[in-house]
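What follows is one structure encoded as structure tokens, with my remarks underneath.
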Amino acid sequence: MAAWTHRGTQAVVSITGNHNKRILYGTISLSGGLILHDSLFWNQDEFQDHLLMIRSFWRGWNPVLFLDRGSLHTANDSEFLAEELGIELRWLPVACPKLNPMDHLWRHVKGDVLANLSDRPLDDRVEYVYSYLQGIGPNGWMRKAGLLSENFWLKEYLTF
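In this note's numbering, the protein residues as written are -11 to 148.
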């Protein structure tokens, strides 16, 4: 949250005071498609639900999903489901979030949207994220995710 205060005076920052959380799962395609869903949990079952959403959204495609090595991504059941659904999983190098376009998009969401909403109820913040992303549209998603950069590492595969 941005605020001004007189020098030597402590700024008052409102916070909710609880530890509620919501997990936002997201996948962006090189053609600008975006799948989002939120959950109370960061676990295999939710990731596998996300894989089902990917397959449903990109029917007839052969998706290749670039992921970090999070335990829910590398779980045997997740890998088996991805294979069954025809989704190829490829692992990004360890400690290289700069290669993951979704990490870039989340960074903008956190900085541009959520940083100024810390005193709002969690459900309102989640809805605001969805509204924000809908508002900037595919070109905005792709720009903020770094897909339109001259330096994007997969630019030869872009389909627009």
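Beta carbons are placed, not taken as given, at the ideal position from N, Cα and C, and that holds for glycine.
This one's a predicted model, so the numbers in the text were calculated from it and none came from an experiment.
Distances from the alpha-carbon of Tyr118 to those of Arg108, Leu12, Ala(-1) and Lys143 put Leu12 closest. As summarised for the stretch 24 to 82, the continuous beta strand (DSSP E) elements at least 3 residues long and confined to that stretch are 52 to 55 and 76 to 79, given in chain order. The count of Cβ pairs closer than 8 Å, one atom from the stretch 31 to 42 and one from the stretch 95 to 115, stays below three, leaving the stretches out of contact.
A residue is called buried once 16 or more other Cβ atoms fall within 10 Å of its Cβ, and Gly14 is buried on that count.
Under DSSP, Thr15 takes part in a beta bridge, and its partners are Ile23.
In the DSSP assignment, Pro89 falls within the alpha helix (DSSP H) that extends over Pro89 to His96. Put simply, of Leu55, Leu80, Leu121 and Val82 the residue whose alpha carbon is nearest the alpha carbon of Asp100 is Leu121.
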